[in-house]
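In the working numbering, the protein residues as written are 393 to 576. Just so you know, even glycine gets a beta-carbon here, dropped at the ideal spot from N, CA and C. What follows is a set of notes on a single structure, which appears directly below.
Structure below.
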């Protein structure tokens, strides 16, 4: 979820070498706005996806490489409304995305993802971006892969994990966000 904004910025990586900064600015600008949908997580007992209503606002910054993303969802009566603000910046030359996420009562989450795939579609609203990083997930170190797909006014991000210490090369779905653009 926090990487949605980051991934949107990553589209700049495959831009034409002569004008990649301008391409990044245009792509970031077209993803800025208000989005609504669900944060979905896998219930491993029932083997089904469960969803929480979510809203997201993305603001592209003047440097045209940085975005600020604010996501909110209701995590039930005990926790209430959860707000996560993520500042992300793309370095097209290094093919990386750095981020810092802020959430009440939690330590700041800071990381650096490698942009491993950028697949552009027929127009600027159709593409797929894949990022990976090694980080702690739950109580274990894991490779984390996020695949973000833009299909017109729909934006889906799937987070998968592959625990490092289990000697298996199996990607397990952790969560996903499915959003629809609702405003500029």
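Which of helix, strand or coil DSSP assigns to residue i
i           : result
residue 423 : helix
residue 561 : coil
residue 409 : With a pLDDT of 33 at residue 409, under the threshold of 50, the modelled position of this residue cannot be trusted; read the value that follows with caution. The answer is helix: DSSP assigns residue 409 an H, G or I state.
residue 416 : In this predicted model, residue 416 has a pLDDT of only 35, less than 50, meaning its place in the structure is not dependable; the value taken from the coordinates is given anyway. Here residue 416 sits in helix by DSSP.
Contact check, residue i vs residue j, beta carbons under 7 Å
i           : j           : result
residue 565 : residue 534 : no
residue 553 : residue 536 : yes
residue 573 : residue 425 : yes
residue 550 : residue 527 : no
residue 546 : residue 521 : no
residue 464 : residue 478 : no
residue 523 : residue 538 : yes
residue 468 : residue 446 : no
residue 448 : residue 427 : yes
residue 443 : residue 456 : no
Identity of the residue in the options nearest residue i by Cα
i           : options               : result
residue 422 : 459, 470, 464 and 563 : 459
residue 490 : 496, 527, 497 and 481 : 481
residue 504 : 487, 425, 513 and 442 : 487
residue 518 : 531, 439, 544 and 532 : 544
residue 461 : 442, 437, 438 and 492 : 492
residue 506 : 498, 484, 437 and 500 : 484
residue 525 : 511, 502 and 512      : 502
residue 532 : 557, 510 and 515      : 557
residue 563 : 529, 576 and 453      : 529
residue 495 : 561, 512, 472 and 510 : 472
Item checked: Start-end ranges of the beta strand (DSSP E) lying completely within the region 511-546, minimum 3 residues -> Within the region 511-546, the complete beta strand (DSSP E) runs of at least 3 residues are 518-529 and 532-543.
Margin query: Which runs of the beta strand (DSSP E) at least 3 residues long sit entirely within the region 459-518? Give them in chain order.
Written below: 473-483, 488-495 and 501-512
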